[in-house]
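**Q**
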Amino acid sequence: MVKKVGIIGLGTVGEATLESIKRYCLLVEKRTSLKIKVEKICDICPEKKKLGDLFSLPFTTDPYEIINDPHIDIVVELIGGINPAKEYLIHSLKKGKDVVTANKALLAELGEQLFETAGKYERAIGCEASVAGAIPLIKSLSQGLVGCEAKKLYGILNGTTNYILYKMHKEGTTFSLALKQAQEKGFAEKKPDLDIEGKDTLHKLCILTYLCFGVWPPLKSLYVEGISQISPLDITYAEELNYRIKLLAVAKREKDGLDLRVHPTLINKDHPLAEVPLVFNAIWVEAEPSGELLFFGKGAGGTPTSSAIISDIVSVSFNNVRFIPTQEKIAIKSINDLRTRYYIRFMAVDKPGVLAEISKILASYNISIASVTQKERGKEKFVPIVMITHEAKEADLKKAVVKIDKLPVIKPPSQLIRIESL
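End of the sequence shown sits at 1742 in the numbering used here; the numbers just go up one at a time, nothing left out.
#1: Residue 1351 to residue 1639, Cα distance in whole Å?
#2: May I ask you to list the residues that DSSP assigns as paired with residue 1574?
#3: Grab me the residues of residue 1701's own chain with a C-beta within less than 7 Å of its C-beta, minus the 5 sequence neighbours each way, in chain order.
#4: Is it true that the CB of residue 1653 sits closer than 9 Å to the CB of residue 1580?
#5: Taking the alpha helix (DSSP H) that residue 1722 belongs to, which residues open and close that run?
#6: For residue 1585, I'd like the list of residues in its chain whose CB is within less than 8 Å of its CB, leaving aside the five on either flank, ordered along the chain.
#7: Can you list, in chain order, the residues of its chain with a C-beta nearer than 6 Å to that of residue 1345? Leave out the 5 residues immediately preceding and following it.
#8: Is it true that the CB of residue 1605 sits closer than 9 Å to the CB of residue 1532?
#9: Given residue 1421, which residues of its chain have a CB within under 6 Å of its CB, disregarding the five upstream and five downstream residues?
#10: What residues in its chain sit with their C-beta under 8 Å from that of residue 1393, if we drop five residues either side in the sequence?
#11: Excluding five sequence neighbours on each side, which residues of the same chain lie with their C-beta closer than 8 Å to the C-beta of residue 1743?
#12: At a Cβ threshold of 9 Å, is residue 1424 touching chain B?
#13: Using the DSSP secondary-structure output, state which residues sit across from residue 1667 in a beta bridge.
#14: Helix, strand or coil for residue 1438 per DSSP?
#15: Which whole runs of the beta strand (DSSP E) in the region 1371 to 1412 are 3 residues long or more, in chain order?
#16: Using DSSP with H/G/I as helix, E/B as strand and the rest coil, what is residue 1568?
#17: Shortest alpha-carbon distance to residue 1406 belongs to which of 1385, 1727, 1430, 1487?
#18: Could you name the residues that DSSP lists as bridge partners for residue 1549?
#19: Take residue 1494 as the anchor and find which of 1550, 1656, 1381, 1707 has the nearest alpha-carbon.
#20: Can you tell me whether residue 1651 is buried or exposed, with buried defined as 16 or more other CB within 10 angstroms of its CB?
#21: Restricting to runs no shorter than 4 residues, where is the alpha helix (DSSP H) found entirely within the region 1465 to 1534?
#22: Are the beta-carbon atoms of residue 1628 and residue 1599 separated by less than 9 Å?
#23: For residue 1361, which residues does DSSP report across the bridge?
#24: State the DSSP-derived secondary structure class of residue 1657, mapped to helix, strand or coil.
#25: Can the beta-carbon of residue 1518 be found less than 9 Å from the beta-carbon of residue 1544?
#26: Please determine, among 1675, 1696, 1707, 1713, the residue with the shortest C-alpha to C-alpha distance to residue 1685.
#27: With a threshold of 8 Å on Cβ separation, who are the neighbours of residue 1548 within its own chain once the five nearest residues in sequence on each side are excluded?
#28: For residue 1422, which of helix, strand or coil comes out of DSSP?
#29: Nearest-angstrom Cα distance between residue 1443 and residue 1358?
#30: Give the straight-line distance between the Cα atoms of residue 1475 and residue 1335, rounded to the nearest whole angstrom.
#31: Considering only DSSP beta bridges, list what residue 1451 is partnered with.
#32: Helix, strand or coil: which one does DSSP assign to residue 1446?
#33: Please work out which residues of its chain come closer than 7 Å, Cβ to Cβ, to residue 1535, disregarding the five sequence neighbours upstream and downstream, and give them in chain order.
#34: Starting from the Cα of residue 1656, find the closest Cα among 1464, 1542, 1404, 1399 and give me that residue.
#35: Taking its Cβ as the centre, do 16 or more other Cβ atoms sit within 10 Å of residue 1388, making it buried, or is it exposed?
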């Protein structure tokens, strides 16, 4: 069987995909009897024609030359963003073509519409490359665990933020310096906000929520917080308290709805997720009857991601990705209703009575303190007081911290990091 492919978008991932198809197409054919033939490539940048020359392929700057080509069976979209990628995918599906995409932002925003369109025209969407790069996570959740009910998912889904936090932990460096190192090594964009503020992870969480729970959650309803406010102090104190800080995507099915959120999280340093190094991704899934599962690997980069794209090309060719999770109406819980334990760091004047003032305010909001760490005074006017709370309600804790930050003996803003018991 021969499947003719058109590729739209020749950036890092697009170029790597061309190279991987050229290098591994015979292996794929030997294993599956499928011959992948790249028919045409496209990029709006005319300079990319050199790739057409390099791979001896027809090149165009007009995506519709691929979408409207009756000889092309599969359209691979690798341009990213919402528009015009949305139009390209919808038109491809209407033209009777299967599509493969790595576009997590588009799927998170409009995934429900895209999958409905695919169903209407009896076509398939392959999106393995949209989450966790080379890790076969989407296929595992949609096919390998098709007979399982997901209960919880915890994910380190962004290599940039994991690299930064890992460097801060291992080398004691600041956030700014670790970010600069990541940019110099090509692990972070020049404009890194999408990564460091947690939005990239949030997009991936939306896709995984659909696969695990059959729901496309509205992006605006989900809580997201990045890592830019994490300081070396927090890294050090977390280590002393037997924790590590990771940017964690959380998805849990509870009696009163879905708990979905992205934020820096303290996790016990003995847990496998605490040891995920550098730019690697890892996902911890709890399901029944499978039990606990851990997925680990390279979550970004052109070459790793290209392996997922090839996998999707094979899957859609054999009509192997039409898994549609049961659509359910499940409430999305507000972050204010979250009940968990917290790490709080106050910067306070070191004088008698300060700890008592803080404790009194916390108690007035029904927040119980599990431990307090306060080191000897140095030369600084303000010294850190670190508290670990027992389980408390998010809304109550935020109100208490706002009130504490107004005390003249406190230097705001105080640091609040959620603790997840995995």
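Virtual Cβ for every residue (Gly too), placed ideally from N, Cα, C.
Computed from a predicted structure; not experimentally measured.
**A** To lay it out plainly:
#1: Those two C-alpha atoms are separated by around 17 Å.
#2: DSSP output for residue 1574 lists 1577 as bridge partner(s).
#3: For residue 1701, where only same-chain residues beyond five positions count, the Cβ hits under 7 Å are 1669.
#4: Taking 9 Å as the Cβ cut-off, residue 1580 and residue 1653 qualify as a contacting pair.
#5: Element bounds for residue 1722: 1714 to 1725.
#6: Excluding its 5 nearest sequence neighbours in each direction, residue 1585 has C-beta neighbours in its own chain below 8 Å: 1565, 1566, 1567, 1568, 1570, 1737, 1738, 1739, 1740, listed in chain order.
#7: Same-chain partners within the cutoff: 1356.
#8: Cβ distance < 9 Å, so residue 1532 and residue 1605 count as in contact.
#9: Around residue 1421: 1397, 1447.
#10: Excluding sequence neighbours, residue 1393 sits near 1323, 1324, 1325, 1417, 1418, 1637.
#11: Here the chain has residues from 1321 to 1742 only, and residue 1743 is not among them.
#12: In the displayed structure, chain B is absent; only one protein chain is listed.
#13: Answer is 1704, bridged to residue 1667.
#14: Looking at residue 1438 - three-state DSSP - the assignment turns out to be helix.
#15: Counting only runs of 3 or more, we get 1394 to 1397.
#16: Under the three-state reduction of DSSP, residue 1568 is assigned to strand.
#17: For the residues 1385, 1727, 1430, 1487, the minimum Cα distance to residue 1406 belongs to 1430.
#18: Note: residue 1549 sits in no beta bridge, so no partner.
#19: The alpha carbon of residue 1494 has as its nearest neighbour, out of 1550, 1656, 1381, 1707, the alpha carbon of 1550.
#20: So residue 1651 counts as exposed.
#21: Within the region 1465 to 1534, the complete alpha helix (DSSP H) runs of at least 4 residues are 1479 to 1491, 1495 to 1504, 1513 to 1516, 1519 to 1533.
#22: Pairing residue 1628 with residue 1599 gives a Cβ-Cβ distance that is not under 9 Å.
#23: Per the DSSP secondary-structure output, residue 1361 pairs in a beta bridge with 1327, 1379.
#24: Residue state, collapsed to three classes: helix.
#25: Yes, they are a contact pair.
#26: Nearest option by C-alpha distance: 1713.
#27: Excluding residues up to 5 positions away in sequence, 1495, 1516, 1517 lie with their Cβ nearer than 8 Å to the Cβ of residue 1548 in the same chain.
#28: Per DSSP, reduced to three states, the secondary structure at residue 1422 is coil, with no helix or strand assignment.
#29: Using only the alpha carbons, I get a separation of about 19 Å.
#30: Computed Cα separation, rounded: 28 Å.
#31: Paired residue(s): none; residue 1451 is not in a bridge.
#32: Secondary structure of residue 1446 (DSSP, three-state): strand.
#33: Closer than 7 Å at the Cβ level, and outside the excluded window around residue 1535, lie 1529, 1578, 1648, 1650.
#34: Closest option to residue 1656, Cα to Cα, is 1542.
#35: So residue 1388 ends up on the exposed side.
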